[in-house]
Amino acid sequence: MADDITLPSTVLPAGARPAPLIDPFQRAITYLRISVTDRCDLRCAYCMSENMQFLPKRDLLSLEELDRLCGVFIARGVRKLRITGGEPLVRRDIMHLFRRLSRHLDSGALQELTLTTNGTQLARFAPELAALGVKRVNVSLDTLDAAKFKDITRRGDLPVVLGGIEAARKAGMQVKINAVALRDVNGDEIPDMIAWAHGLGMDMTLIEVMPLGEIEADRTDQFLPLSVARQRLESRYTLTPLPDRTGGPARYVRVEETGGRLGFITPLTHNFCESCNRVRLTCTGQLYLCLGQEDSADLRAVLRATQDDAVLARAVEEAISRKPKGHDFVIERQRPAAVPRHMSVTGG
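In this note's numbering, the protein residues as written are 182 to 529.
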(Lines of atoms letter the chains of each structure in order from A and count residues from 1; the text may use other names and numbers.)
(Lines give C-alpha, C1' and ligand atoms only; values in the text may rest on other atoms or scores of the structure.)
Protein backbone atom coordinates (compact mmCIF):
# COMPACT_ATOMS: atom_id res chain seq x y z
CA MET A 1 0.00 0.00 0.00
CA ALA A 2 1.23 3.50 -0.70
CA ASP A 3 2.17 5.68 2.25
CA ASP A 4 0.28 8.73 1.02
CA ILE A 5 -3.22 7.25 0.89
CA THR A 6 -6.06 8.40 3.11
CA LEU A 7 -5.94 6.50 6.36
CA PRO A 8 -8.99 5.03 8.11
CA SER A 9 -10.52 6.61 11.19
CA THR A 10 -10.40 4.07 14.01
CA VAL A 11 -11.11 5.73 17.36
CA LEU A 12 -12.09 4.11 20.62
CA PRO A 13 -15.81 4.85 21.21
CA ALA A 14 -16.49 7.69 23.63
CA GLY A 15 -16.74 6.44 27.20
CA ALA A 16 -15.49 2.95 26.34
CA ARG A 17 -13.27 1.28 28.92
CA PRO A 18 -10.73 -0.99 27.25
CA ALA A 19 -10.00 -4.35 28.81
CA PRO A 20 -6.30 -4.17 29.67
CA LEU A 21 -3.74 -6.52 28.21
CA ILE A 22 -2.33 -8.57 31.11
CA ASP A 23 0.75 -10.77 30.74
CA PRO A 24 1.39 -14.08 32.61
CA PHE A 25 3.05 -12.19 35.46
CA GLN A 26 0.03 -9.91 36.00
CA ARG A 27 1.73 -6.88 34.43
CA ALA A 28 -0.60 -4.57 32.50
CA ILE A 29 0.81 -3.77 29.04
CA THR A 30 0.15 -0.06 28.58
CA TYR A 31 3.14 1.02 26.46
CA LEU A 32 3.85 0.17 22.81
CA ARG A 33 7.07 1.11 21.04
CA ILE A 34 6.74 1.08 17.25
CA SER A 35 9.68 0.94 14.86
CA VAL A 36 8.52 2.56 11.63
CA THR A 37 11.74 1.81 9.71
CA ASP A 38 15.00 -0.08 10.15
CA ARG A 39 16.82 2.61 8.14
CA CYS A 40 18.95 5.33 9.66
CA ASP A 41 21.04 8.17 8.31
CA LEU A 42 23.77 7.42 10.90
CA ARG A 43 25.79 4.23 11.53
CA CYS A 44 26.61 4.32 15.23
CA ALA A 45 29.44 1.88 15.88
CA TYR A 46 27.74 0.11 18.82
CA CYS A 47 24.37 -0.17 17.03
CA MET A 48 24.92 -0.95 13.35
CA SER A 49 27.32 -2.51 10.95
CA GLU A 50 28.96 0.12 8.73
CA ASN A 51 27.57 -1.57 5.62
CA MET A 52 24.05 -2.39 6.77
CA GLN A 53 21.71 -4.43 4.60
CA PHE A 54 18.33 -2.83 5.14
CA LEU A 55 14.97 -4.51 4.62
CA PRO A 56 13.25 -4.27 1.23
CA LYS A 57 10.60 -1.57 1.41
CA ARG A 58 7.94 -4.09 0.35
CA ASP A 59 8.46 -5.92 3.67
CA LEU A 60 7.56 -2.86 5.73
CA LEU A 61 4.10 -2.19 7.06
CA SER A 62 2.38 0.70 5.32
CA LEU A 63 1.41 3.75 7.33
CA GLU A 64 -2.20 2.58 7.09
CA GLU A 65 -1.27 -0.78 8.60
CA LEU A 66 0.75 0.84 11.38
CA ASP A 67 -2.18 3.11 12.17
CA ARG A 68 -4.60 0.19 12.28
CA LEU A 69 -2.37 -1.85 14.59
CA CYS A 70 -1.92 1.08 16.94
CA GLY A 71 -5.69 1.48 17.08
CA VAL A 72 -6.08 -2.16 18.13
CA PHE A 73 -3.53 -1.75 20.94
CA ILE A 74 -5.11 1.49 22.14
CA ALA A 75 -8.51 -0.20 22.18
CA ARG A 76 -6.96 -2.75 24.58
CA GLY A 77 -5.60 -0.24 27.04
CA VAL A 78 -2.26 0.92 25.65
CA ARG A 79 -1.89 4.49 26.87
CA LYS A 80 1.53 5.44 25.54
CA LEU A 81 3.00 5.11 22.05
CA ARG A 82 6.63 5.78 21.23
CA ILE A 83 7.66 6.04 17.58
CA THR A 84 11.19 4.74 16.97
CA GLY A 85 13.41 3.33 14.21
CA GLY A 86 16.09 3.12 12.90
CA GLU A 87 15.62 6.82 12.58
CA PRO A 88 11.85 7.34 12.38
CA LEU A 89 12.01 10.76 10.76
CA VAL A 90 13.69 9.37 7.62
CA ARG A 91 10.56 7.32 6.84
CA ARG A 92 8.78 8.79 3.82
CA ASP A 93 5.59 10.67 4.75
CA ILE A 94 6.04 9.81 8.43
CA MET A 95 4.09 12.90 9.48
CA HIS A 96 0.94 11.32 7.98
CA LEU A 97 1.19 8.69 10.71
CA PHE A 98 1.71 11.26 13.47
CA ARG A 99 -1.32 13.19 12.19
CA ARG A 100 -3.46 10.07 12.35
CA LEU A 101 -2.24 8.93 15.75
CA SER A 102 -2.85 12.37 17.24
CA ARG A 103 -6.61 11.74 17.02
CA HIS A 104 -6.24 9.30 19.93
CA LEU A 105 -4.75 12.14 22.00
CA ASP A 106 -7.71 14.33 21.06
CA SER A 107 -10.19 11.63 22.10
CA GLY A 108 -8.41 10.97 25.40
CA ALA A 109 -7.86 7.29 24.58
CA LEU A 110 -4.10 7.87 24.36
CA GLN A 111 -2.22 9.58 27.15
CA GLU A 112 1.06 10.21 25.36
CA LEU A 113 2.60 10.08 21.89
CA THR A 114 6.38 10.35 21.98
CA LEU A 115 9.40 9.94 19.76
CA THR A 116 12.99 8.71 19.95
CA THR A 117 15.29 10.21 17.34
CA ASN A 118 18.94 10.85 16.56
CA GLY A 119 18.03 14.51 16.04
CA THR A 120 19.32 14.91 12.49
CA GLN A 121 15.84 15.69 11.09
CA LEU A 122 14.38 17.28 14.18
CA ALA A 123 14.78 20.92 13.16
CA ARG A 124 12.60 20.19 10.13
CA PHE A 125 9.80 18.41 11.94
CA ALA A 126 9.78 19.77 15.51
CA PRO A 127 7.13 22.52 15.01
CA GLU A 128 4.55 20.16 13.50
CA LEU A 129 5.29 17.38 15.98
CA ALA A 130 4.65 19.80 18.84
CA ALA A 131 1.45 21.05 17.20
CA LEU A 132 0.20 17.45 16.94
CA GLY A 133 0.60 16.88 20.67
CA VAL A 134 4.09 15.37 20.91
CA LYS A 135 5.18 16.90 24.19
CA ARG A 136 8.34 14.92 24.82
CA VAL A 137 11.16 13.66 22.64
CA ASN A 138 14.23 11.54 23.41
CA VAL A 139 17.38 12.38 21.48
CA SER A 140 20.23 9.87 21.28
CA LEU A 141 23.51 11.73 21.75
CA ASP A 142 26.71 10.18 23.12
CA THR A 143 29.18 13.06 22.97
CA LEU A 144 29.46 16.83 22.64
CA ASP A 145 32.80 16.56 20.84
CA ALA A 146 32.23 17.09 17.09
CA ALA A 147 35.15 14.89 15.98
CA LYS A 148 34.21 12.12 18.39
CA PHE A 149 30.57 12.37 17.29
CA LYS A 150 31.56 11.84 13.67
CA ASP A 151 33.70 8.88 14.70
CA ILE A 152 30.93 7.22 16.75
CA THR A 153 28.23 7.79 14.12
CA ARG A 154 30.60 7.29 11.16
CA ARG A 155 28.92 10.17 9.30
CA GLY A 156 27.13 12.52 11.67
CA ASP A 157 27.36 16.30 12.01
CA LEU A 158 27.04 17.38 15.65
CA PRO A 159 25.85 20.98 14.96
CA VAL A 160 22.89 19.58 12.99
CA VAL A 161 21.79 17.50 15.97
CA LEU A 162 22.29 20.37 18.42
CA GLY A 163 20.18 22.54 16.10
CA GLY A 164 17.45 19.91 16.15
CA ILE A 165 17.49 19.83 19.95
CA GLU A 166 17.19 23.61 20.08
CA ALA A 167 14.28 23.52 17.58
CA ALA A 168 12.44 20.98 19.73
CA ARG A 169 12.96 23.09 22.84
CA LYS A 170 11.76 26.22 21.06
CA ALA A 171 8.67 24.32 19.92
CA GLY A 172 7.86 23.62 23.57
CA MET A 173 8.81 19.96 23.69
CA GLN A 174 10.56 18.48 26.70
CA VAL A 175 13.83 16.93 25.50
CA LYS A 176 15.63 14.04 27.19
CA ILE A 177 19.15 13.06 26.18
CA ASN A 178 19.96 9.35 25.92
CA ALA A 179 23.68 8.57 26.02
CA VAL A 180 25.24 5.13 25.65
CA ALA A 181 28.22 4.77 28.00
CA LEU A 182 31.21 3.64 25.94
CA ARG A 183 34.46 2.62 27.57
CA ASP A 184 37.48 4.67 26.48
CA VAL A 185 35.19 6.81 24.29
CA ASN A 186 32.90 9.06 26.32
CA GLY A 187 33.30 7.98 29.96
CA ASP A 188 35.29 11.11 30.83
CA GLU A 189 32.66 13.34 29.17
CA ILE A 190 29.64 12.12 31.10
CA PRO A 191 29.84 14.65 33.99
CA ASP A 192 30.09 17.59 31.58
CA MET A 193 27.27 16.23 29.41
CA ILE A 194 25.07 16.05 32.50
CA ALA A 195 25.90 19.66 33.38
CA TRP A 196 25.11 20.73 29.79
CA ALA A 197 21.80 18.86 29.61
CA HIS A 198 20.61 19.95 33.04
CA GLY A 199 21.71 23.51 32.34
CA LEU A 200 19.19 23.55 29.46
CA GLY A 201 16.45 21.94 31.55
CA MET A 202 16.80 18.53 29.91
CA ASP A 203 16.81 15.16 31.70
CA MET A 204 19.53 12.70 30.76
CA THR A 205 19.70 8.92 30.81
CA LEU A 206 22.81 6.76 30.65
CA ILE A 207 22.51 3.36 28.93
CA GLU A 208 24.77 0.32 28.92
CA VAL A 209 25.79 -1.18 25.56
CA MET A 210 23.37 -3.99 24.65
CA PRO A 211 24.43 -7.14 22.76
CA LEU A 212 21.94 -6.86 19.87
CA GLY A 213 23.01 -7.64 16.31
CA GLU A 214 26.38 -8.38 14.77
CA ILE A 215 28.74 -5.41 14.37
CA GLU A 216 32.40 -5.08 13.43
CA ALA A 217 33.54 -4.11 16.93
CA ASP A 218 33.79 -6.32 20.00
CA ARG A 219 31.18 -5.06 22.45
CA THR A 220 33.23 -6.27 25.40
CA ASP A 221 35.69 -3.53 24.41
CA GLN A 222 32.85 -0.98 24.29
CA PHE A 223 31.14 -2.00 27.53
CA LEU A 224 31.32 0.46 30.44
CA PRO A 225 29.31 -0.81 33.43
CA LEU A 226 27.13 1.97 34.76
CA SER A 227 28.07 0.92 38.27
CA VAL A 228 31.58 2.15 37.41
CA ALA A 229 30.27 5.30 35.72
CA ARG A 230 28.12 6.07 38.75
CA GLN A 231 31.07 5.71 41.13
CA ARG A 232 32.99 8.21 39.03
CA LEU A 233 30.06 10.62 39.02
CA GLU A 234 29.77 10.46 42.80
CA SER A 235 33.24 11.96 43.10
CA ARG A 236 31.82 15.15 41.54
CA TYR A 237 28.08 15.07 42.16
CA THR A 238 25.67 14.24 44.94
CA LEU A 239 23.17 11.71 43.58
CA THR A 240 19.89 11.35 45.47
CA PRO A 241 17.72 8.33 44.52
CA LEU A 242 14.24 9.21 43.28
CA PRO A 243 11.09 7.06 43.50
CA ASP A 244 10.16 7.87 39.88
CA ARG A 245 9.03 4.79 37.93
CA THR A 246 7.77 4.49 34.36
CA GLY A 247 7.44 0.70 34.14
CA GLY A 248 10.65 0.71 32.14
CA PRO A 249 14.24 -0.18 32.95
CA ALA A 250 15.46 3.26 34.05
CA ARG A 251 16.16 4.11 37.67
CA TYR A 252 16.50 7.80 38.50
CA VAL A 253 18.49 10.10 40.74
CA ARG A 254 18.50 13.84 41.26
CA VAL A 255 21.87 15.49 40.75
CA GLU A 256 21.86 17.93 43.64
CA GLU A 257 24.44 20.29 42.15
CA THR A 258 22.43 20.77 38.94
CA GLY A 259 18.91 20.11 40.19
CA GLY A 260 18.32 17.84 37.18
CA ARG A 261 17.22 14.24 36.83
CA LEU A 262 19.56 11.47 35.69
CA GLY A 263 18.47 7.97 34.69
CA PHE A 264 20.43 4.72 34.57
CA ILE A 265 19.44 1.85 32.25
CA THR A 266 21.48 -1.18 33.26
CA PRO A 267 20.24 -4.30 31.43
CA LEU A 268 23.60 -6.05 31.80
CA THR A 269 24.59 -5.25 35.36
CA HIS A 270 21.09 -5.08 36.89
CA ASN A 271 17.89 -6.55 35.47
CA PHE A 272 14.83 -4.31 36.07
CA CYS A 273 12.22 -6.43 34.29
CA GLU A 274 9.83 -7.04 37.17
CA SER A 275 7.63 -4.04 36.34
CA CYS A 276 7.90 -4.13 32.53
CA ASN A 277 4.78 -2.67 30.93
CA ARG A 278 5.85 -2.59 27.27
CA VAL A 279 6.09 -4.52 24.03
CA ARG A 280 7.75 -3.61 20.73
CA LEU A 281 6.35 -3.69 17.22
CA THR A 282 8.82 -3.79 14.34
CA CYS A 283 8.41 -2.12 10.98
CA THR A 284 7.64 -5.56 9.50
CA GLY A 285 4.83 -6.30 11.95
CA GLN A 286 6.71 -8.59 14.32
CA LEU A 287 5.62 -8.06 17.91
CA TYR A 288 8.54 -8.65 20.26
CA LEU A 289 7.48 -9.30 23.81
CA CYS A 290 10.91 -8.57 25.29
CA LEU A 291 13.87 -6.59 23.95
CA GLY A 292 16.27 -9.33 25.04
CA GLN A 293 14.34 -12.38 23.81
CA GLU A 294 13.65 -13.72 20.32
CA ASP A 295 10.05 -14.87 20.85
CA SER A 296 7.69 -12.81 18.69
CA ALA A 297 4.31 -12.84 16.97
CA ASP A 298 3.76 -12.17 13.26
CA LEU A 299 1.00 -9.57 13.28
CA ARG A 300 1.60 -8.63 9.65
CA ALA A 301 0.26 -12.00 8.48
CA VAL A 302 -2.91 -11.58 10.55
CA LEU A 303 -3.27 -7.93 9.54
CA ARG A 304 -3.15 -8.73 5.84
CA ALA A 305 -5.38 -11.80 6.13
CA THR A 306 -8.41 -10.05 7.63
CA GLN A 307 -10.12 -6.69 7.97
CA ASP A 308 -11.65 -7.82 11.27
CA ASP A 309 -9.89 -5.98 14.11
CA ALA A 310 -11.34 -8.47 16.60
CA VAL A 311 -9.24 -11.22 14.98
CA LEU A 312 -6.20 -8.99 15.16
CA ALA A 313 -6.93 -8.21 18.81
CA ARG A 314 -7.06 -11.93 19.61
CA ALA A 315 -3.66 -12.41 17.99
CA VAL A 316 -2.29 -9.61 20.18
CA GLU A 317 -3.82 -11.19 23.30
CA GLU A 318 -2.30 -14.57 22.46
CA ALA A 319 1.12 -12.97 22.02
CA ILE A 320 0.91 -11.12 25.35
CA SER A 321 0.06 -14.42 27.05
CA ARG A 322 3.62 -15.54 26.13
CA LYS A 323 5.48 -12.47 27.41
CA PRO A 324 8.51 -13.67 29.40
CA LYS A 325 9.42 -12.52 32.87
CA GLY A 326 12.59 -10.82 31.62
CA HIS A 327 15.65 -10.88 29.43
CA ASP A 328 18.95 -12.68 29.95
CA PHE A 329 21.50 -10.36 28.32
CA VAL A 330 25.10 -11.38 28.98
CA ILE A 331 27.77 -9.19 27.43
CA GLU A 332 30.28 -12.07 27.19
CA ARG A 333 27.97 -13.88 24.74
CA GLN A 334 28.27 -11.09 22.22
CA ARG A 335 29.81 -13.28 19.45
CA PRO A 336 27.44 -14.25 18.15
CA ALA A 337 25.33 -11.46 19.63
CA ALA A 338 23.05 -12.45 22.51
CA VAL A 339 20.19 -11.43 20.20
CA PRO A 340 20.93 -11.57 16.45
CA ARG A 341 18.63 -8.73 15.33
CA HIS A 342 19.98 -5.18 15.40
CA MET A 343 18.50 -2.55 17.71
CA SER A 344 17.41 -0.64 14.62
CA VAL A 345 15.10 -3.51 13.66
CA THR A 346 13.44 -3.82 17.07
CA GLY A 347 13.09 -0.12 17.74
CA GLY A 348 14.87 0.30 21.08
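By construction, the Cβ of each residue, glycine as well, lies at the ideal position given by its N, Cα and C atoms.
Original post:
Mapping DSSP to helix, strand and coil, what is Met233?
Top reply: coil
Original post:
What number of angstroms, rounded off, separates the C-alpha of Ala311 from the C-alpha of Leu282?
Top reply: 13 Å
Original post:
Would Thr218 be called buried (16 or more neighbouring beta carbons within 10 Å of its own) or exposed?
Top reply: That one is buried.
**OP:** Pair every Cβ in the segment 342-360 with every Cβ in the segment 301-316, then say whether three or more of these pairs are closer than 8 Å.
**Re:** Three or more Cβ pairs closer than 8 Å define a contact, and the segment 342-360 meets that threshold against the segment 301-316.
Subject >> DSSP beta-bridge partners of Glu614 >> reply: Here the chain comprises residues numbered 182 to 529, so residue 614 is not present and cannot be evaluated.
**OP:** Pull up the CB-CB distance for Arg442 and Asp479, whole angstroms please, since I reckon it's below 8 Å.
**Re:** Contact between Arg442 and Asp479 is absent: CB atoms are separated by about 38 Å, not below the 8 Å threshold.
Original post:
Which residue spans inside the segment 362-447 form an unbroken alpha helix (DSSP H) run of at least 4?
Top reply: 371-380, 400-403, 407-414
**OP:** Determine, using beta-carbon pairs with one atom in the segment 324-343 and one in the segment 360-368, whether at least three such pairs fall under 8 Å.
**Re:** yes
Original post:
How is the beta strand (DSSP E) around Arg461 delimited, first residue to last?
Top reply: Counted as a single uninterrupted DSSP element, the beta strand (DSSP E) harbouring Arg461 occupies residues 459-462.
Original post:
Can you give the Cα-Cα distance for Leu213 and Ala494, rounded to whole angstroms?
Top reply: 14 Å
Original post:
Out of curiosity, what's the CA-to-CA distance linking Leu339 and Gln292?
Top reply: C-alpha separation (whole angstroms): 32 Å.
Subject >> Continuous alpha helix (DSSP H) stretch holding Ala500: start and end >> reply: 490-501
Original post:
Can you give the Cα-Cα distance for Ala209 and Cys457, rounded to whole angstroms?
Top reply: Rounded to the nearest angstrom, the two C-alpha atoms are 9 Å apart.
Original post:
In chain order, what residues of the same chain have a beta carbon less than 6 Å from the beta carbon of Val271, not counting five sequence neighbours either side?
Top reply: Arg220, Asp222
Original post:
Do the CB positions of Leu470 and Arg503 come within less than 8 Å of each other?
Top reply: yes
Original post:
Which value, in whole angstroms, describes the spacing of the CA atoms of Leu202 and Leu484?
Top reply: 19 Å
Subject >> 7 Å CB neighbourhood of Ile275 in its chain, flanking five on each side removed >> reply: Val217, Pro269
Original post:
Whole-angstrom Cβ separation of Ala491 and Leu468, contact assumed at under 8 Å?
Top reply: Not really, about 17 Å apart at Cβ, beyond 8 Å.
**OP:** Indicate the three-state DSSP secondary structure (helix, strand or coil) for Val320 in the structure shown.
**Re:** strand
**OP:** My understanding is that Ala349 touches Val390, with C-beta atoms under 8 Å, so please give their C-beta distance in whole angstroms.
**Re:** Rounded, the Cβ-Cβ distance is 26 Å, inconsistent with contact.
Original post:
Near Ala410, which residues of its chain fall below 7 Å by C-beta distance, leaving aside the five closest residues on each side in sequence?
Top reply: Ala362, Gly368, Ile371, Leu387
Original post:
Where Leu250 and Gly440 are concerned, what is the direct C-alpha to C-alpha distance, given to the nearest angstrom?
Top reply: 40 Å
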